[in-house]
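Numbering (this note's numbering), first residue to last: 2 to 86. Beneath this line is the structure, given in structure tokens, with notes to follow.
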């Protein structure tokens with residue numbers, strides 16, 4: 002299951018559109034930027050820039066964090082052509 006590390010900001014919410022539209026389950030992992038949680042070592046390990054959001058695919062290459070640009074959406078649309086268009 003995808004893990005979405007984000008906070009309730011405009012940019013933080015944009016990333017949830019893809020899994021919502023495709024019906025892909027994901028776990029929401031809040032990162033409270035008002036409390037500087039994005040600066041904690043465990044978050045910096047996901048994103049060295051300490052920015053939200055980060056989408057982690059534990060089934061991806063070594064469970065490494067991925068960005069929207071690198072997300073292979075075909076993985077989620079295979080066998081579901083009505084969702085691919």
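Where is the CB? At the ideal position from N, CA and C, for every residue including glycine. Bear in mind the structure is a predicted one, so any value in this text is a computation, not a measurement.
Secondary structure of residue i, DSSP reduced to three states
i          : result
residue 47 : coil
residue 60 : coil
residue 31 : strand
residue 12 : helix
residue 36 : helix
Straight-line gap, residue i to residue j (C-alpha atoms, nearest Å)
i          : j          : result
residue 61 : residue 11 : 26 Å
residue 55 : residue 45 : 10 Å
residue 21 : residue 9  : 16 Å
residue 27 : residue 19 : 11 Å
residue 31 : residue 7  : 5 Å
residue 42 : residue 24 : 31 Å
residue 47 : residue 13 : 15 Å
residue 70 : residue 36 : Residue confidence for residue 70 is low, a pLDDT of 45 falling below 50, so the modelled location carries little weight and cannot support an answer.
Buried/exposed call for residue i, threshold 16 Cβ in 10 Å
i          : result
residue 39 : buried
residue 3  : buried
residue 53 : buried
residue 16 : buried
residue 29 : exposed
residue 86 : Residue placement at residue 86 cannot be trusted, given a pLDDT of 48 that sits under 50; what the coordinates show is reported in the next sentence. Exposed.
Bridge partner(s) assigned by DSSP for residue i
i         : result
residue 4 : 28, 57
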